[in-house]
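Beneath this line is the structure, given in structure tokens, with notes to follow.
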Amino acid sequence: KQWYQRRVREHGEGSNPTCTITNFSATTIECNVESLKFGLLYVSVRANGGYSDWQQVANITITPSVEFNNYDQAASVALVTIVGEGFLTWNPHPLNTLTVSLSSGTCNLLSLTYNEIVCALVNSNLGNLTVEIFNDFGHSDEKTIQIATIVPDPSVNDLATSDIFDYAIQQGTISLIVHGNNFKTAHAVPDTDPVLCVDT
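Numbering (our numbering), first residue to last: 5 to 204.
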């Protein structure tokens, strides 16, 4: 009877999976493997009382999944970060095997790890930005997941000359009120307040 066992390296973890042999010949073994974990799959064969060396026969990965995010992002922001898992496969050229499909605009891939994608965002529209991820082994579990809400950039109201008032400086400080739009939005990133930049 043939015998299989798995040895895990790098990202793999857990106990050995079970291999049920369905067919074999002098040169080939076919089997159904259960309880696989993410990682490199190694096998050794026992036959006629002897054992083969351990050899890698597969790279076990998962279909990608994306974490939901509806935080507001100004339209002028040039980058978007996608968080999830299963983006990076064991393929030696992962940048050539991953597709990021956005609901609007284009993702020019800048960096890629197992759980994060950073894109240069080009020509996205206002509103919910959703994504679908494809790699060598399938698409994201939920086909379209929201990763941001694209909102208009903040703007400061133009003032007529007659509405610009003189302020007397008292000990270098004045109390100033600025009017405009989009200083505060419904789904702003927590604990982030607007920053007012002043120039003279």
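Every residue, glycine too, gets a C-beta built ideally from N, C-alpha and C. From a predicted model like this one, the values you see are computed outputs, not experimental measurements.
Reduced DSSP secondary structure (H/G/I, E/B, other) of E71: As a first step, residue 71 is located in the sequence shown; it is residue number 67 there, counting from the start. E71: coil per DSSP, three-state reduction.
Taking the alpha carbon of F138 as the point to measure from, which residue in P156, A192, P158 and E89 has its own alpha carbon closest? By 1-based counting over the sequence shown, the position of residue 138 is 134. Looking at the Cα atoms, E89 is the closest of the given residues.
Can you look up A79 in the DSSP assignment and give me helix, strand or coil? Along the sequence shown, one-based indexing puts residue 79 at 75. Residue state, collapsed to three classes: coil.
Do N63 and T153 have their C-beta atoms closer together than 8 Å? Here residue 63 is taken as the residue at index 59 of the sequence shown, counted from 1. Here residue 153 is taken as the residue at index 149 of the sequence shown, counted from 1. No, Cβ-Cβ distance for N63 and T153 is not below 8 Å.
For T85, list the residues DSSP reports as bridge partners. Reading the sequence shown from its first residue, position 81 is the one you call residue 85. DSSP lists V122 as partners of T85.
If you draw a straight line from the alpha carbon of T22 to that of R50, how long is it in whole angstroms? As a first step, residue 22 must be located in the sequence shown, where it is residue number 18. As a first step, residue 50 must be located in the sequence shown, where it is residue number 46. In a straight line, the C-alpha of T22 is about 15 Å away from that of R50.
Assuming P156 and L130 make a contact with CB atoms under 8 Å, what is their CB distance in whole Å? Translated into the one-based positions of the sequence shown, residue 156 becomes position 152. Translated into the one-based positions of the sequence shown, residue 130 becomes position 126. 7 Å between Cβ atoms; contact.
Stretch pair the segment 73 to 87 + the segment 119 to 134: three plus CB contacts closer than 8 Å: In the pairwise beta carbon analysis, the segment 73 to 87 is classified as touching the segment 119 to 134: at least three pairs are separated by under 8 Å.
How is S108 classed by DSSP in three states: helix, strand or coil? By 1-based counting over the sequence shown, the position of residue 108 is 104. Residue state, collapsed to three classes: coil.
What residues match up with V155 in a beta bridge as DSSP calls it? Locating residue 155 in the sequence shown gives position 151, counting from the first residue. The beta-bridge partner set that DSSP reports for V155 consists of A78.
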